[in-house]
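Visitor: Below: one structure in structure tokens.
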């Protein structure tokens, strides 16, 4: 159920609360017809998320300074707060799908929760729920690689041409078919990333054109999984460029 918030309680009920649980604030007024139209969709969106999002209501007539602070120029105005900041918003009695989209942006989807679990069964379910997500496909393929199911791993990522991680795994499987890079990938699986990259770069020397392209994709795929702040990325991308060109 929505909570009524005023100028006096906004800091505690919205800003501080949003540091633990996202809060969606509905700026409304009693005389506003579109506000009454929108309310059921907001309330249902909150209810269906079972405490993962809090709905708050601010009467703009009784809290004009608060409405001015957040630049409310038309109502209903809906603003989503997370970690004390506005994370999303819309104005007007938008369709229910738009309401759901805002709420979905604040909490992990079922697929996100399954992805976080990381086991193959959960990842398969996540892929069924959101079949267009490359990050789920890559995680599923990686789980399959870990149990030696290379062809199943390839099937998971083949539809995602253009995604570096997916292309890297696909290239790895195709290289393995030719007996190329097997020791390097085994080294990678043991957690020795730099040694694996060094070995893959060595494989580039003298390799035929098609194999070189697969090795490039495999190396880029490994680097795509690195933290952007990790210096390994720029260092090995430079070495790869030198080896290729």
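Residue numbers (the numbering used here): 4 to 248. Glycine included, every Cβ here is placed at the ideal spot set by N, Cα and C.
Could you tell me which of 146, 140, 181, 147 sits nearest to residue 161, measuring between CA atoms?
Guide: The shortest Cα separation from residue 161 among 146, 140, 181, 147 belongs to 140.
Visitor: Counting pairs of beta carbons, one from the segment 29-43 and one from the segment 74-85, are three or more of them closer than 8 Å?
Guide: Touching, yes, given that three or more Cβ pairs across the two stretches are closer than 8 Å.
Visitor: Here's a check: name, in chain order, each residue in its chain whose Cβ is nearer than 7 Å to the Cβ of residue 7, leaving out the five neighbours to either side.
Guide: Here the set comprises 60.
Visitor: Pick out whichever of 130, 132, 138, 43 has its Cα sitting closest to the Cα of residue 100.
Guide: The candidate whose alpha carbon is nearest that of residue 100 is 43.
Visitor: Got a sec, what are the start and stop residues for the beta strand (DSSP E) residue 62 sits in?
Guide: Its beta strand (DSSP E) spans residues 57-62.
Visitor: Three-state secondary structure (DSSP) at residue 166?
Guide: It is coil, neither helix nor strand.
Visitor: At which residues does the alpha helix (DSSP H) containing residue 236 begin and terminate?
Guide: Start and end: 235-247.
Visitor: Counting Cβ pairs closer than 8 Å, one from the segment 89-107 and one from the segment 46-60, do we hit at least three?
Guide: Flag = yes, the segment 89-107 and the segment 46-60 touch.
Visitor: Helix, strand or coil for residue 183, going by three-state DSSP, please let me know.
Guide: In this structure, residue 183 counts as coil in the three-state DSSP scheme.
Visitor: Let's test the definition: count the other Cβ atoms within 10 Å of the Cβ of residue 108 and tell me whether it reaches 16, buried, or not, exposed.
Guide: Exposed, since its Cβ has fewer than 16 Cβ neighbours within 10 Å.
Visitor: Helix, strand or coil, according to DSSP, for residue 131 in the structure here?
Guide: The answer is helix: DSSP assigns residue 131 an H, G or I state.
Visitor: Would residue 190 be called buried (16 or more neighbouring beta carbons within 10 Å of its own) or exposed?
Guide: Classification of residue 190: buried, given that the 10 Å Cβ count is 16 or more.
Visitor: On the three-state DSSP scale, how would you describe residue 75?
Guide: Residue state, collapsed to three classes: coil.
Visitor: Who are the Cβ neighbours of residue 52 in its own chain at under 8 Å, not counting the five residues just before and after it?
Guide: Cβ neighbours of residue 52 beyond the five flanking positions: 106, 110.
Visitor: Taking a contact to mean a Cβ-Cβ separation below 7 Å, would you say residue 176 touches residue 192 in this structure?
Guide: Result no, Cβ atoms of residue 176 and residue 192 do not sit closer than 7 Å.
Visitor: Comparing C-alpha positions only, which one of 36, 66, 41, 40 sits nearest to residue 10?
Guide: Ranking the options by Cα distance to residue 10, first place goes to 66.
Visitor: Touching or not, the segment 117-125 and the segment 80-95, by the rule of three or more beta carbon pairs under 8 Å?
Guide: Touching, no.
Visitor: Since residue 85 is in the alpha helix (DSSP H), which residue starts that stretch and which ends it?
Guide: No alpha helix (DSSP H) contains residue 85, which is instead part of the beta strand (DSSP E) from 80-85.
Visitor: Under a three-way DSSP split, which group does residue 101 fall into?
Guide: Three-state result, residue 101: helix.
Visitor: Which of the three DSSP states is assigned to residue 151 in this structure?
Guide: If DSSP states are grouped into helix, strand and coil, residue 151 belongs with coil.
Visitor: Looking at residue 178 and residue 211, is the spacing between their C-beta atoms short of 7 Å?
Guide: Cβ distance not < 7 Å, so residue 211 and residue 178 don't count as in contact.
Visitor: Between residue 167 and residue 181, what straight-line distance do the alpha-carbon atoms span, to the nearest angstrom?
Guide: If you take the alpha carbons of residue 167 and residue 181, they lie about 21 Å apart.
Visitor: Measure the CB-CB distance between residue 148 and residue 173 and report whether it falls below 7 Å.
Guide: No, the pair does not count as a contact, with Cβ atoms beyond the cut-off.
Visitor: Would residue 137 and residue 204 qualify as a contact pair, given that the criterion is a beta-carbon distance under 7 Å?
Guide: The answer is no: Cβ separation not under 7 Å.
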